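Okay, so here's the structure we're looking at.
Numbering (this note's numbering), first residue to last: 1219 to 1349.
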């Protein structure tokens, strides 16, 4: 084999190596965005459930126009047990009042993400922030 052929082989290996590294980086970035989308989606779903609870009368198991009264245990809105932890993350109610509920979503552990999702729920709006 001549020197030119060896040089082309080395150059080809370098180009393939760079392409693989770029592909891995793009995959990881896309995976994190997908995780954010999943946690935001779960928080929005829980927020919609909280709004339903707020608007449902006390006699029907709802909150009767409050987030912190009524419900099965008379403790106000609670995240259903099967939705506290999902494939996307874990969720908890961090703050509650008569007209405001805050849900915090933390991504599944082991992925090393340093962000959380905070969703503020009022009777007429849902606001989500990634922190």
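By construction, the Cβ of each residue, glycine as well, lies at the ideal position given by its N, Cα and C atoms.
Since the structure is predicted, the reported quantities are computational estimates derived from the model, not experimental observations.
query                                                                                                                                                                     : result
Taking only the alpha-carbon atoms, compute the straight-line gap between residue 1337 and residue 1279 and give it to the nearest angstrom.                              : 23 Å
Which two residues bound the contiguous beta strand (DSSP E) that contains residue 1322?                                                                                  : 1319-1325
In three-state terms, what does DSSP make of residue 1311?                                                                                                                : strand
Just curious, the beta strand (DSSP E) that residue 1335 is in, first and last residue?                                                                                   : 1335-1339
Is it true that the CB of residue 1282 sits closer than 8 Å to the CB of residue 1289?                                                                                    : no
Near residue 1325, what residues of its chain come up, given a Cβ to Cβ distance below 6 Å and the 5 sequence neighbours on each side ignored?                            : 1253, 1257, 1307, 1331
For residue 1302, which residues from the same chain have a beta carbon less than 8 Å from its beta carbon, with the 5 sequence-adjacent residues on both sides left out? : 1308, 1309, 1310
Under the rule that 16 or more other beta-carbon atoms within 10 Å means buried, what is residue 1240, buried or exposed?                                                 : exposed
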